[in-house]
Amino acid sequence: MLETVSHCHTPIVYILDPEARLRDSLRRLVESVGLYVRTFGEIEAFLTAYQPEQPGCLLLDIRIAGRAKVSAQQILREQGVDLPVIVIAPRGDVATAVNAMKQGAIDFLEKPLNEQWFLDCIHHAVAEDQNRRRTRAWRQVLLSRFETLTPREQDILRQVVDGLSNREIAEQLDLSRKTVEVHRAKVMQKMEARTLSQLIRMAMALGILKLYAPDG
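Quick note on the working numbering: the sequence shown kicks off at 37 and runs consecutively.
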């Protein structure tokens, strides 16, 4: 039976390293600062145990084998592993460091590891993943609200975000000013925005300006 973490907000630090002694050493170090750790010697074992709903990060030793002409990092991406990756490798391997960063690693650490630097990187990676997940969750809430808007209300929202006044919106959409005011109030209500500045921040989070930019 696979070990799982029941609380969906509990971060997991995954350690993927082919050397058992190093895995255990790193596990004890990370656990010493109160973080939950899972360790694996092969990428297949990690993929089986990976819990995508949990925040966290992945410490990846560059020696972990992928498959012919495919790196471990590429396999992780193909399998939908969406975690900040910290790559560790022998000191002085500049080419490996550059390649790891190009493939999406957020940090690269050289052996032998500096313990404090290592822990700082872990904390940073976990915090980044938590922030990213909160941002995605908030955007999904906003998207759900946005989808309740009628096409006309979406037009009004776009015009508001563009900085147009009610009079200017009425002229642009060939509506009465009163009709614009009613639609605008509905937009505020459905988006649950208390102020105009809050509505604008919501629209920016959704990418409304980019999504509904005029053609050309």
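We put the beta carbon where it would ideally sit given N, CA and C, even for glycine.
Original post:
Ile142 to Thr132, Cα distance in whole Å?
Top reply: 14 Å
Subject >> Start-to-end residues for the alpha helix (DSSP H) that takes in Arg168 >> reply: 151 to 182
**OP:** Give me the Cα-Cα distance between Glu78 and Ala173, rounded to the nearest whole angstrom.
**Re:** 31 Å
Original post:
Is Leu58 near Phe82, with beta carbons less than 7 Å apart?
Top reply: No, these two residues do not count as a Cβ contact at 7 Å.
Subject >> Rounded straight-line distance, which links the Cα of Gly70 to that of Gln87 >> reply: When only Cα atoms are considered, Gln87 and Gly70 end up about 19 Å apart.
Original post:
Among all the DSSP beta bridges, which residues are the ones paired with Ala125?
Top reply: Glu146
Original post:
Looking at Arg181 and Lys226, is the spacing between their C-beta atoms short of 7 Å?
Top reply: yes
**OP:** Check whether the Cβ atoms of Leu96 and Val121 lie closer than 7 Å to each other.
**Re:** It is a contact, given that the beta carbons lie within the stated cut-off.
Original post:
In this structure, does DSSP put Asp97 in helix, strand or coil?
Top reply: strand
**OP:** Taking the CB atoms as reference points, tell me whether Leu178 and Ala221 lie closer together than 7 Å.
**Re:** no
Original post:
Can you tell me whether His17 is buried or exposed, with buried defined as 16 or more other CB within 10 angstroms of its CB?
Top reply: Outside the modelled stretch of the chain, which goes from 37 to 252, sits residue 17, for which no answer is possible.
**OP:** Quickly, what does DSSP pair Leu52 with across the bridge? List them, please.
**Re:** Phe76, Leu96
Original post:
Apart from the five residues just before and just after Leu155, which ones in its own chain have a Cβ nearer than 8 Å to its Cβ?
Top reply: Contacts found: Leu65, Val66, Val69.
Original post:
Taking the alpha carbon of Gln90 as the point to measure from, which residue in Leu149, Gln166, Val123, Gln110 has its own alpha carbon closest?
Top reply: Gln166
Subject >> Nonlocal neighbours in the same chain, by C-beta distance under 8 Å from Ile100, ignoring five residues either side >> reply: Leu52, Asp53, Pro54, Glu78, Ile79, Ala108
Subject >> Outcome for Gln195 when other beta-carbon atoms lying within 10 angstroms are tallied against a minimum of 16 >> reply: Gln195 counts as buried, since no fewer than 16 other beta carbons sit within 10 angstroms of its beta carbon.
**OP:** Please check the pair Ala56 and Ile98, which I expect to be a contact at CB under 8 Å, by giving their CB distance rounded to whole angstroms.
**Re:** Ala56 to Ile98, Cβ: 17 Å. No contact.
Original post:
How far does the alpha helix (DSSP H) with Arg230 in it reach, from first residue to last?
Top reply: First-last for Arg230: undefined, no H or E at that position.
Subject >> Val69 - DSSP class collapsed to helix/strand/coil >> reply: coil
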